[in-house]
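Residue numbers (the UniProt record's numbering): 1 to 249. Think of the CB as a built atom: it goes at the ideal place given N, C-alpha and C, for glycine as much as any other residue.
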């Protein structure tokens, strides 16, 4: 199975270029075999991509934008669905490929199988039944009798030690009562000053945090506006190309 990634090598949108780079870089990091198909320089690739993206996955104008990902002839998804799969550690499922042993996705699948079937995959035989050949320790089947004896002995020792500890505790409580009262009085004098300093520090941190948050929001809004403008320009270019093709026909 070959993964096909449809890209636009000469796209004027920096947002599309970044998305294409993210997809390619992640596939290379996973060492997944894939093929890049350029829709900017190859009309056949562009027409094939448009025709094979499902109608329900196309945008409102009917023109899907790169990157678009396929497994042979099967449609996998666009950048947004790829990104969601990456965040959920489900990229191999997204690509229609089996996850390699030891990968996060394989571990998740193994855990899901345990929850669903109640057994580990390695504990089942070829027919999917629980393998009776796996021996369960006697302690697990009948209870750890030796462990219970140790617990009972430890409990007896604790009861014997509690009698002496109670007497010592009463004396210690009487000696420490006065010390605690003295510490409370001292702490009561220091508390107001510490509270005032904490309030001042909190106000300063809050002001810095709000200022930083406002700067980030302004930057995000500017990035979003720029990306929307780039996408709008690309869509206009695509629509103009389609109109030119129709007029030429």
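Contact holds between the segment 57-77 and the segment 85-105, because three or more Cβ pairs, one in each stretch, are under 8 angstroms apart. The segment 58-66 and the segment 226-246 touch, with no fewer than 3 CB-CB distances between them shorter than 8 angstroms. Three or more Cβ pairs closer than 8 angstroms define a contact, and the segment 70-84 meets that threshold against the segment 19-26. Residue pairing from DSSP places residue 35 in a beta bridge opposite 4.
The beta-bridge partner set that DSSP reports for residue 69 consists of 5, 77.
Across the structure, residue 111 and residue 102 are spaced so that their CA atoms are roughly 12 angstroms apart.
Of all alpha-carbon atoms in 230, 30, 56, 212, the one lying nearest the alpha-carbon of residue 105 is that of 30.
Within 10 angstroms of the beta-carbon of residue 74 lie fewer than 16 other beta-carbons, which makes it exposed. Residue nearest to residue 85 within the set 35, 23, 228 is 23 (criterion: CA-CA distance). Note on geometry: alpha-carbon atoms of residue 219 and residue 209 lie some 15 angstroms from one another. When the beta-carbon positions are compared, residue 15 and residue 39 stay at least 7 angstroms from each other.
The beta carbons of residue 3 and residue 27 sit about 7 angstroms from each other, so the pair counts as a contact at 8 angstroms.
Distance from the CA of residue 225 to the CA of residue 213, rounded to the nearest whole angstrom, comes to 18 angstroms. Counting along the chain, residue 55 sits inside no alpha helix (DSSP H), nor does DSSP assign it H or E at all. Going by C-alpha positions, residue 83 is about 16 angstroms away from residue 6. Annotation for residue 27: the continuous alpha helix (DSSP H) segment containing it runs 14-29. Around the beta carbon of residue 1, a 10 Å sphere encloses fewer than 16 other beta carbons of the protein chains shown; the residue is thus reported as exposed.
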